[in-house]
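This report refers to the structure that appears directly beneath it.
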């Protein structure tokens, strides 16, 4: 199934970056989507996990589900997180994979990467790093990852075929993909696909 659209990719990426830069800098602001601890509670993240983290680590969380509910990250796993945002899910993964594993978070929004890096450093997590990049061209070696995960980000990729091809490029043959995302069961008309304001709505 083709997933290409006529939307201007640079304009779309700029719109999304601006929106999530605002979340990174002002996570307590009211957005048209839920954020922070309240959202993590709604999505079923364990209270004991959330209670163990500083509020600023969870504040800019803006996922759509809980990718860890479909599989556990094992000690020693190498994990790539697509669209790492403020780093909350990456920190969860880094705690699960432990000191023998490694987590690489990739995001296209510099403000989110800065926030994520500060969060990881505040917790002393040496097995976690963040890289600037896109879902369609992940800055990760071929067949490096045991697990690729993401939370509400693949739906923002203008060409999902290319994004998934790159996900499987970095995933080792026996690895697994576990994501939470938005799925539509009906075709979206071309006018809606071309409306950039709807992409991050």
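In the numbering used here, the protein residues as written are 1 to 201. Here a beta-carbon is modelled for each residue, glycine too, at the ideal position from N, C-alpha and C.
- Task: Can you give me the start and stop residues for the alpha helix (DSSP H) that residue 19 sits inside?
- Result: 9-25
- residue 149 and residue 127 look like a contact to me (Cβ under 8 Å); what is the Cβ gap, rounded to whole Å? Not a contact, Cβ separation roughly 15 Å.
- Task: Name, in chain order, the residues that DSSP records as bridge partners for residue 102.
- Result: 78
- Is there contact between the stretch 82-89 and the stretch 99-116, where contact requires at least three CB pairs shorter than 8 Å? yes
- Mark residue 136 as exposed unless 16 or more other C-beta atoms lie within 10 angstroms of its C-beta, in which case mark it buried. buried
- Item | Neighbourhood of residue 75 by C-beta distance below 8 Å, restricted to the same chain and skipping five residues each side | 96, 97, 98, 100, 101
- Message: Our contact map puts residue 60 next to residue 24 with C-beta atoms below 8 Å; I'd like the distance itself, whole angstroms only.
- Response: 5 Å
- Task: For residue 162, collect the residues of the same chain with a Cβ closer than 7 Å to its Cβ; drop the 5 residues on either side in sequence, then sort them by chain order.
- Result: 136
- Could you give the DSSP three-state label for residue 84: helix, strand or coil? coil
- Item | Backbone secondary structure at residue 130 - three-state DSSP | strand
- Item | Where the alpha helix (DSSP H) containing residue 66 begins and where it ends | Taken as a continuous stretch (DSSP letters only), residue 66 belongs to no alpha helix (DSSP H), as it is neither H nor E.
- Starting from the C-beta of residue 80, find all residues in its chain whose C-beta is less than 6 Å away, skip the five residues before and the five after it, and write them out in chain order. 104, 140, 145, 148, 170
- Item | Secondary structure of residue 189, DSSP reduced to three states | coil
- Item | Inter-residue spacing [alpha-carbon to alpha-carbon] between residue 28 and residue 43 | 18 Å
- Task: Quick one: grab the DSSP three-state call for residue 199.
- Result: helix
- Query: Start and end of the alpha helix (DSSP H) containing residue 55?
  - Reply: 55-58
- Message: Please classify residue 138 as buried or exposed, where buried requires at least 16 other C-beta atoms within 10 Å of its C-beta.
- Response: buried
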